[in-house]
Amino acid sequence: MTKNFIFISPNFPTNYWQFCAELKKNGLNVLGIGDQPYDELSQELKNSLNEYYKVNSLENYDEVYRAVAFFTYKYGRIDWLESNNEYWLERDAMLRTDFNISSGFHTEDMPRIKYKSKMKEFYTKAGIPVARYHLVDNVENCQDFIKLVGYPVIVKPDNGVGASHTFKLSSDQDLLQFFNEKEADTQYIMEEFIDAEVNSYDAVIDSNGDPMFETGNVTPDSIMDIVNNSDNSIYHIVKNLSDDVRTAGRATVKSFGVKSRFVHFEFFRLLKDHDGMGKKGDVVALEVNMRPCGGFSPDMMNYANSTNVYKIWADMIAFDHSTLPDGKHAYCAYAGRRDGKDFVLSHEEILEKYGDNLKMVDRIPDVLSGAMGNQMYVAVFNTKKEMDSFYKNVLKCN
Numbered sequence: 000m001t002k003n004f005i006f007i008s009p010n011f012p013t014n015y016w017q018f019c020a021e022l023k024k025n026g027l028n029v030l031g032i033g034d035q036p037y038d039e040l041s042q043e044l045k046n047s048l049n050e051y052y053k054v055n056s057l058e059n060y061d062e063v064y065r066a067v068a069f070f071t072y073k074y075g076r077i078d079w080l081e082s083n084n085e086y087w088l089e090r091d092a093m094l095r096t097d098f099n100i101s102s103g104f105h106t107e108d109m110p111r112i113k114y115k116s117k118m119k120e121f122y123t124k125a126g127i128p129v130a131r132y133h134l135v136d137n138v139e140n141c142q143d144f145i146k147l148v149g150y151p152v153i154v155k156p157d158n159g160v161g162a163s164h165t166f167k168l169s170s171d172q173d174l175l176q177f178f179n180e181k182e183a184d185t186q187y188i189m190e191e192f193i194d195a196e197v198n199s200y201d202a203v204i205d206s207n208g209d210p211m212f213e214t215g216n217v218t219p220d221s222i223m224d225i226v227n228n229s230d231n232s233i234y235h236i237v238k239n240l241s242d243d244v245r246t247a248g249r250a251t252v253k254s255f256g257v258k259s260r261f262v263h264f265e266f267f268r269l270l271k272d273h274d275g276m277g278k279k280g281d282v283v284a285l286e287v288n289m290r291p292c293g294g295f296s297p298d299m300m301n302y303a304n305s306t307n308v309y310k311i312w313a314d315m316i317a318f319d320h321s322t323l324p325d326g327k328h329a330y331c332a333y334a335g336r337r338d339g340k341d342f343v344l345s346h347e348e349i350l351e352k353y354g355d356n357l358k359m360v361d362r363i364p365d366v367l368s369g370a371m372g373n374q375m376y377v378a379v380f381n382t383k384k385e386m387d388s389f390y391k392n393v394l395k396c397n
């Protein structure tokens, strides 16, 4: 019997049609719900869907609910419902709960995977150190917490996506300014500052909670700093996942009870000894994301591992195991250049110098440029030395 899969917002991000395409190739009935007119969908997405239901707004729960009800009436029981998008995780869970779709997280699962303060309990259960924190209430209690951990501190929404509304406070003046600027109806979490780079664990997990595919990325610069300082953006997919990140990632999967999902878990790798957290080089907790890494990361995982993560994920849905062999590994580098900087190498010189290495070259949509830069280059290298040289050359300014 054909399984029915509803994909929420299959048109955004623009590379997500590939998830739908691989599902359809695996014999599933792929049903899309989105707010873009059908005629404006890419031909690749149209070819990847059995049917598409347009709503006026994906923000309107009643509209999306009626769309799911229509598909249920027309095709029968819905086996899967997913967006693979952080923004819609809670909406996806509500729909699964309301329509009794057993696969995936339900509403009662949301606190531990959406609230940064709740995540810490499950990281601790996995034996992974976490940063000390305080849920922001008033200035006096925040000052008491800062006396304990010292400046700087990081403040961000307890339930937030990306680096938006994130602050680095280095003084009492910064603290008071934050209280003047913060959104009144948002719960913020304040954490001690960790001097670290971000290492991720990215995996497709089967129905038993075991990994079918594993990789990771390294982000040497804080996304928060990139957004706040309008810096260039760099990160890379690792050639081989380090043993300590793999161990931490698998322990986190078990602690959070992850099954049948693509996940992106973020860890800090300490750049110096940190009291109560660990020694320089140790891996400690940052946050969990129960969806693929954003932007072009799925494509970069493909380039770094000579594979197709869209298919691996669709194989998990259809067969609960991967049908692809492990391919040759390499480093896959992302460089996002910020407009307005006086770069040594022109765009044309980059294309000429790195033509054999480049896999993707494109302008970044304005909605994503804050964290990713304006002009992006994705390139593959066999050695870290070659990759570091690429970053140095592409981002060097006069």
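Going by numbering that gives the first Met the number 0, 245 is the number at position 246 of the sequence shown; the sequence numbering is gapless.
Backbone N, C-alpha and C fix where the C-beta goes; we use that ideal spot for every residue, glycine too.
Every value quoted in this text rests on a predicted model; they were computed, and no experiment measured them.
Review point. Val445 to Trp79, Cα distance in whole Å?
Key: Outside the shown range of the chain (0 to 397) lies residue 445, about which nothing can therefore be said.
Check your understanding: Out of curiosity, what's the CA-to-CA distance linking Gln35 and Val154?
Key -> 35 Å
Exercise for review: Count the CB pairs spanning the segment 123-141 and the segment 249-260 that are closer than 8 Å, and state whether there are at least three.
Suggested key: yes
Point to revise | Residues bridged to Gln374 [DSSP beta-bridge criterion] | key: Arg336 and Arg362
**Study point:** With 16 other Cβ atoms within 10 Å as the buried cut-off, status of Pro364
**Key:** exposed
Point to revise | Alpha-carbon spacing of Thr214 relative to Glu139, whole angstroms | key: 43 Å
Review point. Should the segment 298-311 be called in touch with the segment 13-32, which here means at least 3 C-beta pairs below 8 Å?
Key: yes
Check your understanding: Taking just the CA atoms, how far does Asp242 sit from Gly208?
Key -> 19 Å
Practice item. Would you identify the three-state DSSP class for Ile127, choosing helix, strand or coil? Key: coil
Check your understanding: Under the DSSP definition of a beta bridge, which residues are partnered with Ile204?
Key -> Pro210 and Arg260
Practice item. Could you please give the first and the last residue of the uninterrupted beta strand (DSSP E) stretch that includes Val393? Key: Where Val393 is concerned, there is no enclosing beta strand (DSSP E), although the alpha helix (DSSP H) it sits in stretches over Lys383 to Leu394.
Point to revise | Reference Pro9; option with closest CA among Lys24, Ile32 and Glu190 | key: Ile32
Point to revise | Residues that Asn288 bridges to, as DSSP identifies them | key: His263
Review point. What did DSSP end up calling Arg76 once you bin it into helix, strand or coil?
Key: coil
Point to revise | Per DSSP, the bridge partner or partners of Phe342 | key: Cys396
Check your understanding: Closer than 7 Å: is that where the CB of Val360 sits relative to any heavy atom of the ligand GTP?
Key -> The ligand GTP is not part of this structure, which contains no ligands at all.
Point to revise | Residues that Thr268 bridges to, as DSSP identifies them | key: Correcting the residue identity first, residue 268 is Arg in this sequence and not Thr. The partner list for Arg268 (beta bridge, DSSP) reads Glu196 and Val282.
Practice item. Using a threshold of 8 Å, state whether the C-beta atoms of Tyr200 and Val244 are closer than that. Key: yes
Review point. Whose C-alpha, out of Lys181, His263 and Gly293, is nearest the C-alpha of Leu285?
Key: His263
Point to revise | the segment 376-392 in contact with the segment 347-360 per 3-pair CB rule at 8 Å | key: yes
Point to revise | N-terminal and C-terminal residue of the alpha helix (DSSP H) that Glu297 is part of | key: Checking the sequence, you will find Pro at residue 297 rather than Glu. First-last of the alpha helix (DSSP H) with Pro297: Ser296 to Asn304.
**Study point:** Exposed unless 16 or more other CB atoms sit within 10 angstroms - verdict on Gly26
**Key:** exposed
Practice item. Could you check what DSSP says for Ser232 in three-state terms: helix, strand or coil? Key: strand
Exercise for review: Ignore the nearest five residues each way along the sequence and tell me which others in Glu43's own chain have a CB closer than 6 Å to its CB.
Suggested key: Trp16
Exercise for review: Specify, as a first and last residue, the run of the beta strand (DSSP E) that Phe166 falls within.
Suggested key: Phe166 to Leu168
Review point. Are at least three pairs of beta-carbons, each pair with one atom in the segment 184-202 and one in the segment 266-285, less than 8 Å apart?
Key: yes
Review point. To which residues of the same chain is Asn397 closer than 8 Å at the C-beta, ignoring the five residues directly before and after it?
Key: Asp341, Phe342 and Val343
Point to revise | Chain-order list of residues whose beta-carbon lies under 6 Å from that of Asn3 (same chain, five-residue window excluded) | key: Asn28, Tyr74, Ile77 and Asp78
Check your understanding: What three-state label does DSSP hand Val237 in the structure shown?
Key -> coil
Exercise for review: From the DSSP output, read off the bridge partner residues of Val379.
Suggested key: Cys331
Check your understanding: With distances taken from CA atoms, which of Val366, Leu367, Gly369 and Tyr353 is nearest Ser388?
Key -> Tyr353
Review point. How is the beta strand (DSSP E) around Leu30 delimited, first residue to last?
Key: Asn28 to Gly33
Review point. Looking at the structure shown, is Thr322 part of a helix, part of a strand, or coil, going by DSSP?
Key: coil
Practice item. Measure the C-alpha to C-alpha separation of Asn59 and Arg90 and round it to an integer number of angstroms. Key: 10 Å
Practice item. Report all residues from its chain with a CB closer than 8 Å to the CB of Ser56; omit the five preceding and five following residues, and keep chain order. Key: Asp34 and Glu62
Exercise for review: Report the partner residues of His273 according to the DSSP bridge assignment.
Suggested key: Gly277
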